[in-house]
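For the sequence shown, the working numbering gives the first residue as 7, with consecutive numbering after it.
Data first, discussion second: the structure below is written as structure tokens.
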Amino acid sequence: MKIYTKTGDNGTTMLFGGGRVPKHHLRIEAYGTVDELNSYVGLIRDQDISEHHRQILKKIQDTLFTLGANLATNPEKTKVKTPDITEDDLQLLEQEMDTMTEALPQLKNFILPGGHTTVSFCHLARCVCRRSERLCVALAEQSPVAAILIQYLNRLSDYLFMLARKIGAELGAEEVVWK
Numbered sequence: 007m008k009i010y011t012k013t014g015d016n017g018t019t020m021l022f023g024g025g026r027v028p029k030h031h032l033r034i035e036a037y038g039t040v041d042e043l044n045s046y047v048g049l050i051r052d053q054d055i056s057e058h059h060r061q062i063l064k065k066i067q068d069t070l071f072t073l074g075a076n077l078a079t080n081p082e083k084t085k086v087k088t089p090d091i092t093e094d095d096l097q098l099l100e101q102e103m104d105t106m107t108e109a110l111p112q113l114k115n116f117i118l119p120g121g122h123t124t125v126s127f128c129h130l131a132r133c134v135c136r137r138s139e140r141l142c143v144a145l146a147e148q149s150p151v152a153a154i155l156i157q158y159l160n161r162l163s164d165y166l167f168m169l170a171r172k173i174g175a176e177l178g179a180e181e182v183v184w185k
């Protein structure tokens, strides 16, 4: 199977389930940004971090791929079956954040991204996650988007913030406080 099909040479792309849309369509922007986010999560996973963080980030990458597949599916083609994002996916993020919160000093100031390259990668991923969420919210105003997809991205951005703090603490990096 060749990776190139030449079917997108005219500036359109195919949705799962059929139907072509322009490559600048909001649906394409939404799942393309989720793909970008997944790449940043992979970049974090490739850093010198604990095996536990790596395993959680791998689960997140799997979930993001599922989320992207849901966004890439033509909502008018109801017979197309894609995997679901579930409450368990949300709970995993919440449990991880609760565990990190217990291990970290209470946050008393806004913090600036930085202090260590890996911490900065977490913040980059968080920003891309927020952009993904904004695009999905905008798409939901035009076309069906499962609410849990937006909820997952919202939770994930919080998780990535907490992960930045946790990894920073593990690496002995000083949090850069905004005053």
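From the three backbone atoms N, C-alpha and C, an ideal C-beta is built for every residue, glycine too.
From which residue to which residue does the beta strand (DSSP E) around residue i run?
| i | result |
| --- | --- |
| M20 | T18 to M20 |
| V27 | R26 to P28 |
In chain order, what residues of the same chain have a beta carbon less than 7 Å from the beta carbon of residue i, not counting five sequence neighbours either side?
| i | result |
| --- | --- |
| T79 | L21, F22, G23, V86 and T88 |
| D164 | M103 |
| R136 | S163 |
| A179 | G121, H122 and V125 |
| P81 | S149 and P150 |
What span of residues does the alpha helix (DSSP H) with residue i cover, start to end?
| i | result |
| --- | --- |
| V40 | L32 to R51 |
| T69 | E57 to L77 |
Using a 10 Å radius around the Cβ and a threshold of 16 neighbouring Cβ atoms, would you call residue i buried or exposed?
| i | result |
| --- | --- |
| G121 | buried |
| V151 | buried |
| N76 | buried |
| L191 | Nothing can be reported for residue 191, as the shown portion of the chain is limited to 7 through 185. |
| V134 | buried |
| L70 | buried |
| I9 | exposed |
| L113 | exposed |
| A36 | buried |
| D54 | exposed |
| H129 | buried |
| T105 | exposed |
| D15 | exposed |
| K172 | buried |
| M168 | buried |
| G17 | exposed |
| T39 | buried |
Contact check, residue i vs residue j under 8 Å by CB: the rounded distance?
| i | j | result |
| --- | --- | --- |
| I3 | E181 | No answer is possible for residue 3: the residues shown for the chain start at 7 and end at 185. |
| A197 | V27 | There is no way to answer for residue 197, as the model of the chain reaches only from 7 to 185. |
| L49 | Q148 | Not quite, the Cβ-Cβ distance comes to about 31 Å (not below 8 Å), so this is no contact. |
Which same chain residues, not among the five before or five after residue i, have their C-beta less than 8 Å away from its C-beta?
| i | result |
| --- | --- |
| I156 | E139, C142, V143 and A146 |
| V183 | N115, F116, I117 and L118 |
| N160 | E139 |
| Y158 | T69, L73, I91, D95, L96 and L99 |
| S56 | E176 |
| K185 | N115 |
Looking only at its own chain, which residues have a Cβ that is under 6 Å from the Cβ of residue i, when we skip the five neighbours before and after it?
| i | result |
| --- | --- |
| I154 | I91 |
| R195 | Outside the shown range of the chain, which is 7 to 185, sits residue 195, and nothing can be said about it. |
| I66 | V47 |
| task | With a floor of 4 residues, list each alpha helix (DSSP H) that falls wholly inside the segment 106-153, ordered by position along the chain. | result | 123-146
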